[in-house]
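Each protein sequence line maps, in turn, to chains A and B. Going by the numbering used here, the letters in the first sequence line up with residues 102 to 216, in that order. Going by the numbering used here, the letters in the second sequence line up with residues 676 to 792, in that order.
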Amino acid sequence: GAGVSQSPSNKVTEKGKDVELRCDPISGHTALYWYRQSLGQGLEFLIYFQGNSAPDKSGLPSDRFSAERTGGSVSTLTIQRTQQEDSAVYLCASSFGQGLRDTIYFGEGSWLTVV
Amino acid sequence: AQKVTQAQTEISVVEKEDVTLDCVYETRDTTYYLFWYKQPPSGELVFLIRRNSFDEQNEISGRYSWNFQKSTSSFNFTITASQVVDSAVYFCALSEARWGGSEKLVFGKGMKLTVNP
Numbered sequence: 102g103a104g105v106s107q108s109p110s111n112k113v114t115e116k117g118k119d120v121e122l123r124c125d126p127i128s129g130h131t132a133l134y135w136y137r138q139s140l141g142q143g144l145e146f147l148i149y150f151q152g153n154s155a156p157d158k159s160g161l162p163s164d165r166f167s168a169e170r171t172g173g174s175v176s177t178l179t180i181q182r183t184q185q186e187d188s189a190v191y192l193c194a195s196s197f198g199q200g201l202r203d204t205i206y207f208g209e210g211s212w213l214t215v216v
Numbered sequence: 676a677q678k679v680t681q682a683q684t685e686i687s688v689v690e691k692e693d694v695t696l697d698c699v700y701e702t703r704d705t706t707y708y709l710f711w712y713k714q715p716p717s718g719e720l721v722f723l724i725r726r727n728s729f730d731e732q733n734e735i736s737g738r739y740s741w742n743f744q745k746s747t748s749s750f751n752f753t754i755t756a757s758q759v760v761d762s763a764v765y766f767c768a769l770s771e772a773r774w775g776g777s778e779k780l781v782f783g784k785g786m787k788l789t790v791n792p
């Protein structure tokens, strides 16, 4: 596709369940980001992947959060034992090559509601 | 620590009015990037501009213009002759610009602009 694709677009889950959110970056983009957007906290950085380098995980809020990027393309963000405070929009973004030195393109997000 | 402040949370204007969105930032870095993003109701963040801290020239792109004032740590965004399609949430953001530095964007809280016909 032409843009960053995220799935599911909406997810409602019960507290304590695990969820997986998927991101397909723009073809050829080596940099991939996950951000979280919530009412109370605004937009927060979660994790950054660049090629085969070790990811920058400094924004992950707890060890319940993890992300991987297989084959340098698709990424999955996993939240284990979800809590109500995890309810937010999870945004994925990608850029070509130089991270923030190139234009970053965002997907439409995955809306997660934990009930 | 880096911080971005968008003091206005919500603005409502009538079509064709000019509107300025304020952004004030804090950073200890000597080189940094500043950004503006637009978030329409569909949810995706749309890139509008990136400004390197070394480049203080103001920029104009159609009805959009940006005023970067390093002396006041501000990067304000003006929409001239606003249109209904400009209705969105606008975010100002900041990042390091040194090679090997962090790649994360620090966002302001956003400002919701409503342009009424």
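In this text, a Cβ means the ideal position worked out from N, Cα and C, and glycines have one as well. Nothing here was measured: the structure is a model prediction, and the numbers come from that model.
Span of the beta strand (DSSP E) around residue i
i	result
C124 of chain A	V120 to D125
I686 of chain B	E685 to V689
Q107 of chain A	S106 to S108
L213 of chain A	S211 to V215
T695 of chain B	V694 to L696
A789 of chain B	Checking the displayed sequence, the identity of residue 789 of chain B turns out to be Thr instead of Ala. Taken as a continuous stretch (DSSP letters only), the beta strand (DSSP E) holding T789 of chain B covers M786 to N791.
Under the three-state DSSP convention, the category residue i falls into
i	result
S746 of chain B	helix
L201 of chain A	helix
T680 of chain B	strand
L780 of chain B	coil
T114 of chain A	strand
Assigned exposure category for residue i - 16 Cβ within 10 Å defines buried
i	result
D187 of chain A	buried
V113 of chain A	exposed
A132 of chain A	buried
T171 of chain A	exposed
T747 of chain B	exposed
P716 of chain B	exposed
G141 of chain A	exposed
P126 of chain A	buried
F710 of chain B	buried
For residue j and residue i, believed in contact at Cβ under 8 Å, the rounded distance
i	j	result
Y149 of chain A	K779 of chain B	6 Å
S757 of chain B	V790 of chain B	5 Å
R137 of chain A	Y191 of chain A	6 Å
V679 of chain B	C767 of chain B	5 Å
Mind pulling the beta strand (DSSP E) runs of 3 or more residues that sit fully within the segment 708–777 of chain B?
Correct list: 721–727, 734–736, 739–744, 749–754 and 763–771.
Please go through the segment 116–193 of chain A and give each complete beta strand (DSSP E) segment of 3 or more residues, from N-terminal end onward.
Complete beta strand (DSSP E) runs here, min 3: 120–125, 132–139, 143–151, 166–170 and 176–180.
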